[in-house]
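Structure, as structure tokens:
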Amino acid sequence: MAITSIKNLKEFSTNNDRFEGAHTLCPGCAHSMIVRELMNCTDDNLVISSNTGCLEVSTAVYPFTSWDTSWIHIGFENAATAVTGAEAMHKARKKKGTLKDNDAPVKFVAFGGDGSTYDIGFQWLSGAVERGHDFTYICLDNENYANTGGQRSSATPIGATTSTAQAGTHSYGKKEKKKDLVAIMAAHGAPYVAQLAPNKWKSMAKGFQKALETEGPCFINTVSPCTTEWRFDPKDTILLTDLATDTLMFPLYEIIDGHELNILYRPKNVLKVEDYLGAQGRYKHLFKPENRHVIDQIQKNINEYWEMLQRREEARI
Amino acid sequence: MAEKFDLNDREVWDGNYAASQALRQAQVDVVAAYPITPSTPIVENYGAYVANGYIDGEYVMVESEHAAMSGCVGASAAGGRVATATSSQGFALMVEVLYQASGMRLPIVLNVVNRALASPLNVRGDHADMYLGRDSGWIQIDAFNAQEAYDLALCAFKIGEDHSVRLPVMVHQDGFITSHTAQNVYPLTDEAAYNFIGDFQPVDDLLDFSRPVTYGAQTEEDWHFEHKAKQHKALMDSRPVIDEVFAEFEKLTGRKYNRVESYMMEDADVVIVGLGTTVETAVVAAEELREEGIKAGVVGIRVFRPFPFDQVREALKGAKSIAVMDRSSPGGAMGAFFNEVSAALYTTDTRPLVTNYIYGLGGRDFSIDEAKRIFKEQQANADAGHITTDIQQFSGLRGPHLGYFQTQRG
Numbered sequence: 001m002a003i004t005s006i007k008n009l010k011e012f013s014t015n016n017d018r019f020e021g022a023h024t025l026c027p028g029c030a031h032s033m034i035v036r037e038l039m040n041c042t043d044d045n046l047v048i049s050s051n052t053g054c055l056e057v058s059t060a061v062y063p064f065t066s067w068d069t070s071w072i073h074i075g076f077e078n079a080a081t082a083v084t085g086a087e088a089m090h091k092a093r094k095k096k097g098t099l100k101d102n103d104a105p106v107k108f109v110a111f112g113g114d115g116s117t118y119d120i121g122f123q124w125l126s127g128a129v130e131r132g133h134d135f136t137y138i139c140l141d142n143e144n145y146a147n148t149g150g151q152r153s154s155a156t157p158i159g160a161t162t163s164t165a166q167a168g169t170h171s172y173g174k175k176e177k178k179k180d181l182v183a184i185m186a187a188h189g190a191p192y193v194a195q196l197a198p199n200k201w202k203s204m205a206k207g208f209q210k211a212l213e214t215e216g217p218c219f220i221n222t223v224s225p226c227t228t229e230w231r232f233d234p235k236d237t238i239l240l241t242d243l244a245t246d247t248l249m250f251p252l253y254e255i256i257d258g259h260e261l262n263i264l265y266r267p268k269n270v271l272k273v274e275d276y277l278g279a280q281g282r283y284k285h286l287f288k289p290e291n292r293h294v295i296d297q298i299q300k301n302i303n304e305y306w307e308m309l310q311r312r313e314e315a316r317i
Numbered sequence: 001m002a003e004k005f006d007l008n009d010r011e012v013w014d015g016n017y018a019a020s021q022a023l024r025q026a027q028v029d030v031v032a033a034y035p036i037t038p039s040t041p042i043v044e045n046y047g048a049y050v051a052n053g054y055i056d057g058e059y060v061m062v063e064s065e066h067a068a069m070s071g072c073v074g075a076s077a078a079g080g081r082v083a084t085a086t087s088s089q090g091f092a093l094m095v096e097v098l099y100q101a102s103g104m105r106l107p108i109v110l111n112v113v114n115r116a117l118a119s120p121l122n123v124r125g126d127h128a129d130m131y132l133g134r135d136s137g138w139i140q141i142d143a144f145n146a147q148e149a150y151d152l153a154l155c156a157f158k159i160g161e162d163h164s165v166r167l168p169v170m171v172h173q174d175g176f177i178t179s180h181t182a183q184n185v186y187p188l189t190d191e192a193a194y195n196f197i198g199d200f201q202p203v204d205d206l207l208d209f210s211r212p213v214t215y216g217a218q219t220e221e222d223w224h225f226e227h228k229a230k231q232h233k234a235l236m237d238s239r240p241v242i243d244e245v246f247a248e249f250e251k252l253t254g255r256k257y258n259r260v261e262s263y264m265m266e267d268a269d270v271v272i273v274g275l276g277t278t279v280e281t282a283v284v285a286a287e288e289l290r291e292e293g294i295k296a297g298v299v300g301i302r303v304f305r306p307f308p309f310d311q312v313r314e315a316l317k318g319a320k321s322i323a324v325m326d327r328s329s330p331g332g333a334m335g336a337f338f339n340e341v342s343a344a345l346y347t348t349d350t351r352p353l354v355t356n357y358i359y360g361l362g363g364r365d366f367s368i369d370e371a372k373r374i375f376k377e378q379q380a381n382a383d384a385g386h387i388t389t390d391i392q393q394f395s396g397l398r399g400p401h402l403g404y405f406q407t408q409r410g
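If you read the sequences in order, they're chains A and B. The numbering of the first sequence is UniProt numbering, which starts it at 1 and goes up by one. The numbering of the second sequence is UniProt numbering, which starts it at 1 and goes up by one.
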């Protein structure tokens, strides 16, 4: 059962200790905040799977585990399928009555980074959602392959420098647009799809709760600033997330049943994208005069996308 | 409760149907599957049993074989009985997850209808996919005909789910030759089959929230080696369990299975060692040659993994000249099966002559006549006291003779 009233962050953050603090994620990594929010927003039993990536290698290093709930890691690409296999078994055993507690509610959740979600695991995610399993997939989107040392993914935005999309004298870094995975997942007809951010923790918790309570496959993309590869001070994680949401680089919205779009956060003062880009090392080169056009292009893309979201919200399509 | 399925004492089933009936009688909880020729009917039939109420289970049609095995892993960790089927390219796509299944000690049953691996694309049978699985940590049992595909699938659940084993099991049968040929099969009653296997008893169950478990943790050089050693030990220790299950099955049905099957081996001088339907062909050839005075015998490997090293040595200790039959392209070496059988024989005192035949790739027929020719070549070796041909040869190939590894004398 979901926890219905979330008022106080301190209370909320300690109400359900199923994710232990003793993990080896980098200081300042947002992954643990997001995982904790998910596990704190419900009292239901959880079966969680994780794709190979930062979260997995930092939380289950034998003989230790940070997970005080059922947890499985299988591969880089197939955590969605593993957790939906468990979901199918839950259905089968419930019918036969072979579960220890046949009536206890169970929620199935998969975590993946943007590498496993946008790229290598996309097929498995798409298949699991198409099959209509009752599960929630949460992408911890730090816009690069952080676990292998910061290579580009299809979630890496234009202009970022990565170890495989290098900025140099003849290049401004990644040239391709970030894949719009939220739209793609909504197009699957998933009953609940959202883009959330950990700085807006109440709306994140509510989004998680909606996903867990919605029957069928739900997809959530969460921005997760990466101190190591975005290159900022670990104490500034939430500041970076604030900048991401206030510049609308990372707009927060949900799409219900593939068509009803609701914007979840409207910044009072929309900041210029320079404020966000300038706060991180990976965009430093964009501030050279010859790369000015890239910043302009990013701002243009943001404006157009925000316009599109607002129109879709208004038109209910 | 599942609907009653009417069975006769004797049915006419092909190997695929036989395997699917075993899944029904085991009341498999979850099948996650992706169809591939020639194994497709196994999972189609499971779906039909679910659709018609003959089984209370979940039929999950995924988007690839990699996902099929991934779904099986999640389902098995969630504490129920799981099975699926595949062949060839599908098997190859599954390989990554096969290692994950065995590393997590999940007793999934995989019916593998053996088929060649592309390229060239080929839907017919050879053993390339069986070999591809040989280091994946699964128990691999080989059925030589439809009856065995049924019997051994039932045994596979009981072996893999035994709490001292807890390993996934493959049951192999030859593509089209076994899978699509209808034969008389004598099934057990549903009740007898289910009682033989028993209820699934979960260990480390994802759905037991009173005792949370972590599956698939990371280990580096500090623990990985120990985990793999323990996994190997579990695989090696499954040998007596396999023997016990076979013995119990014999008591129930009168049908006797051994990890190594020997035919006319009491006094055999010349021997064919093979896998799958080849064994039955070789047995017919050996019987005919016995009438000509050639002391021919056949050894069939029933349990390919864990490899029955001791039994192979024991079965072949009196032989003079042996042909080891590899139904898979050797890929720049002697055949893999040849290497394993030779390794077993090298450590005996008698050390017979051994040659390697590559044969039957991509569904090329293996005939009784060809088996006889091979026996006769072995007789020539035995008479000469040394190998008279190339050590490795392609048998039944059109065009010029191929052989790359010669003896000094040959």
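Every residue, glycine too, gets a C-beta built ideally from N, C-alpha and C.
Exercise. Quick one: Cα of A/G260 to Cα of A/K272, how far?
Worked result: The sequence position of residue 260 of chain A within the first sequence is 260, counting from 1. The sequence position of residue 272 of chain A within the first sequence is 272, counting from 1. According to the sequence displayed, residue 260 of chain A carries Glu and not Gly. Per the coordinates, the alpha-carbon of A/E260 lies some 28 Å from the alpha-carbon of A/K272.
Exercise. In chain order, what residues of the same chain lie with their CB nearer than 6 Å to the CB of B/A22, ignoring the 5 residues before and after it?
Worked result: Position 22 of the second sequence, counted from the first residue, corresponds to residue 22 of chain B. Contacts found: Y150, A153, L154.
For this session: Could you check the C-alpha separation between A/G89 and B/V30 for me, to the nearest Å?
Result: For the purposes of this step, residue 89 of chain A is taken as residue 89 along the first sequence, with counting starting at 1. For the purposes of this step, residue 30 of chain B is taken as residue 30 along the second sequence, with counting starting at 1. Reading off the sequence shown, one finds Met at residue 89 of chain A, where the question assumed Gly. One C-alpha to the other measures close to 6 Å.
Exercise. Quick one, which of B/Y54, B/S395, B/G103 has its alpha-carbon nearest B/A229's?
Worked result: Reading the second sequence from its first residue, position 229 is the one you call residue 229 of chain B. When C-alpha distances from B/A229 are compared across B/Y54, B/S395, B/G103, the shortest belongs to B/G103.
For this session: Using a Cβ-Cβ cut-off of 8 Å, state whether B/V260 counts as contacting chain A.
Result: Numbered from 1 along the second sequence, position 260 holds the residue referred to as residue 260 of chain B. B/V260 is outside the set of residues whose beta carbon lies under 8 Å from a beta carbon in chain A.
Exercise. Are the beta-carbon atoms belonging to A/P198 and A/M39 less than 8 Å from one another?
Worked result: Taking the first sequence and counting its residues from 1, one reaches residue 198 of chain A at position 198. Taking the first sequence and counting its residues from 1, one reaches residue 39 of chain A at position 39. Their beta carbons are not under 8 Å apart, which means A/P198 does not touch A/M39 by this criterion.
For this session: Run down chain A in chain order and give the residues with a C-beta less than 8 Å from the C-beta of B/W223.
Result: In the second sequence, the residue the question calls residue 223 of chain B occupies position 223. Per Cβ cutoff of 8 Å: Y62, P63.
Exercise. Taking only beta-carbon atoms, is B/S210 less than 8 Å away from chain A?
Worked result: In the second sequence, counting from the first residue as 1, residue 210 of chain B sits at position 210. For B/S210, the closest Cβ of chain A is nearer than 8 Å.
For this session: Jot down the residue ranges of each uninterrupted beta strand (DSSP E) in the segment 140–202 of chain A, minimum 3 residues, whole runs only, in chain order.
Result: Listed in chain order, the complete beta strand (DSSP E) runs (minimum 3 residues) inside the segment 140–202 of chain A are 192–196.
Problem set entry | Cβ-based contacts, 7 Å cut-off: residues of the segment 64–85 of chain A near chain B | If the cut-off is 7 Å between Cβ atoms, the segment 64–85 of chain A has T65, W67, D68, T69, S70, W71, I72, H73, I74, G75, N78, T81, A82, V83, T84, G85 near chain B.
For this session: Look at the alpha carbon of residue 434 of chain B and the alpha carbon of B/E266, and state the distance between them as a whole number of angstroms.
Result: Because chain B spans 1 through 410 in this model, residue 434 of chain B falls outside it and cannot be assessed.
Exercise. DSSP on B/M265, reduced to helix/strand/coil?
Worked result: Residue 265 of chain B sits at position 265 when you count from the first residue of the second sequence. If DSSP states are grouped into helix, strand and coil, B/M265 belongs with coil.
Problem set entry | Any C-beta of chain B under 8 Å from that of A/H90 | Position 90 of the first sequence, counted from the first residue, corresponds to residue 90 of chain A. Chain B contact via Cβ: present.
For this session: Output yes if chain B places a C-beta closer than 8 Å to the C-beta of A/N45; else output no.
Result: Translated into positions along the first sequence, residue 45 of chain A becomes position 45. Cβ-Cβ to chain B under 8 Å: yes for A/N45.
For this session: Spatial neighbours of A/V47 within its chain, please: CB distance less than 7 Å, with the 5 preceding and 5 following residues excluded, ordered by chain position.
Result: Numbered from 1 along the first sequence, position 47 holds the residue referred to as residue 47 of chain A. Same-chain partners within the cutoff: S70, V83, A86, V106, F108.
Exercise. Hey, how far is the Cα of A/L277 from the Cα of A/A167?
Worked result: By 1-based counting over the first sequence, the position of residue 277 of chain A is 277. By 1-based counting over the first sequence, the position of residue 167 of chain A is 167. Cα to Cα, A/L277 sits roughly 15 Å from A/A167.
Exercise. Would you say A/V109 reaches chain B, if we count a Cβ-Cβ gap shorter than 8 Å as a contact?
Worked result: Residue numbering aside, residue 109 of chain A sits at position 109 when the first sequence is read from its first letter. False, the Cβ-Cβ gap to chain B never drops below 8 Å.
Exercise. Looking at the structure shown, is B/R115 part of a helix, part of a strand, or coil, going by DSSP?
Worked result: Along the second sequence, one-based indexing puts residue 115 of chain B at 115. In this structure, DSSP gives B/R115 a state outside helix and strand, which the three-state scheme calls coil.
For this session: Say whether chain A places a C-beta atom closer than 8 Å to the C-beta of B/G74.
Result: To locate residue 74 of chain B, count along the second sequence from 1; it is residue 74. At a cut-off of 8 Å between beta carbons, B/G74 contacts chain A.
Problem set entry | B/Y194 versus B/E244 - alpha carbon distance | One-based indexing of the second sequence puts residue 194 of chain B at position 194. One-based indexing of the second sequence puts residue 244 of chain B at position 244. Whole-angstrom Cα-Cα distance: 17 Å.
For this session: For A/R93, count neighbouring Cβ atoms within 10 angstroms of its own Cβ and tell me buried if that reaches 16, exposed if not.
Result: As a first step, residue 93 of chain A must be located in the first sequence, where it is residue number 93. Flag for A/R93 reads buried.
Problem set entry | Whether B/A33 touches B/M61 by CB criterion (8 Å) | Taking the second sequence and counting its residues from 1, one reaches residue 33 of chain B at position 33. Taking the second sequence and counting its residues from 1, one reaches residue 61 of chain B at position 61. Yes; because the gap between Cβ atoms is below 8 Å, this pair is in contact.
For this session: Taking B/S328 as the query, report the chain A residues whose CB atoms sit under 8 Å from its CB, ordered along the chain.
Result: Taking the first residue of the second sequence as 1, we reach residue 328 of chain B at position 328. What B/S328 touches in chain A: nothing, since even the nearest Cβ is about 27 Å away.
For this session: Tell me, to the nearest whole angstrom, how far the beta carbon of B/H163 is from that of B/Q201; I am working on the premise that it is less than 8 Å.
Result: Residue 163 of chain B sits at position 163 when you count from the first residue of the second sequence. Residue 201 of chain B sits at position 201 when you count from the first residue of the second sequence. B/Q201 and B/H163 do touch by the CB rule: their CB atoms are close to 7 Å apart, below 8 Å.
Exercise. Are the C-beta of B/H66 and some C-beta of chain A separated by less than 8 Å?
Worked result: Counted from its first residue, the second sequence places residue 66 of chain B at position 66. For B/H66, the closest Cβ of chain A is nearer than 8 Å.
Problem set entry | Alpha-carbon spacing of B/P168 relative to B/S136, whole angstroms | As a working mapping, residue 168 of chain B is identified with position 168 in the second sequence. As a working mapping, residue 136 of chain B is identified with position 136 in the second sequence. So the two alpha carbons sit approximately 10 Å from each other.
Problem set entry | At least three beta-carbon pairs within less than 8 Å, the segment 208–215 of chain A to the segment 170–187 of chain A | The count of Cβ pairs closer than 8 Å, one atom from the segment 208–215 of chain A and one from the segment 170–187 of chain A, stays below three, leaving the stretches out of contact.
Exercise. In its own chain, which residues sit with a C-beta less than 8 Å from the C-beta of B/G410, not counting the 5 before and 5 after it?
Worked result: Along the second sequence, read from residue 1 onward, the residue named residue 410 of chain B stands at position 410. With a pLDDT of 49 at B/G410, under the threshold of 50, the modelled position of that residue is not reliable, and the figure given next carries that caveat. The residues are H386, I387, T388, T389, D390, I391.
Exercise. So with Cβ pairs under 8 Å, would you call A/R131 a contact of chain B?
Worked result: Taking the first sequence and counting its residues from 1, the one referred to as residue 131 of chain A is at position 131. At least one chain B Cβ lies under 8 Å of A/R131.
Exercise. Beta carbon of B/A285, beta carbon of B/A371: below 8 Å?
Worked result: Walking along the second sequence from the start, residue 285 of chain B turns up at place 285. Walking along the second sequence from the start, residue 371 of chain B turns up at place 371. Yes, Cβ-Cβ distance for B/A285 and B/A371 is below 8 Å.
Exercise. Do B/N52 and B/Y17 have their CB atoms nearer than 8 Å?
Worked result: Mapped onto the second sequence, residue 52 of chain B falls at position 52. Mapped onto the second sequence, residue 17 of chain B falls at position 17. No, these two residues do not count as a Cβ contact at 8 Å.
Problem set entry | Under 7 Å from the C-beta of B/G57: neighbouring residues of chain E | No chain E is part of this structure, whose protein chains are labelled A and B.
For this session: Identify each residue in the segment 22–51 of chain A for which the Cβ-Cβ distance to at least one residue of chain B is less than 8 Å, and report them in chain order.
Result: Under the 8 Å Cβ criterion, the segment 22–51 of chain A contributes N45, V47, S49.
Exercise. How long is the line joining the alpha carbons of B/E287 and B/D205, rounded to whole angstroms?
Worked result: Position 287 of the second sequence, counted from the first residue, corresponds to residue 287 of chain B. Position 205 of the second sequence, counted from the first residue, corresponds to residue 205 of chain B. B/E287 and B/D205 have their C-alpha atoms some 51 Å from each other.
Exercise. Distance, Cα to Cα, A/A2 vs A/S13?
Worked result: Here the question's residue 2 of chain A lines up with position 2 in the first sequence. Here the question's residue 13 of chain A lines up with position 13 in the first sequence. About 15 Å.
For this session: Flag A/L309 as yes if its beta-carbon sits less than 8 Å from any beta-carbon of chain B, otherwise no.
Result: Counting from 1 along the first sequence, the entry for residue 309 of chain A is found at position 309. Contact of A/L309 with chain B is not assigned, every C-beta pair being separated by 8 Å or more.
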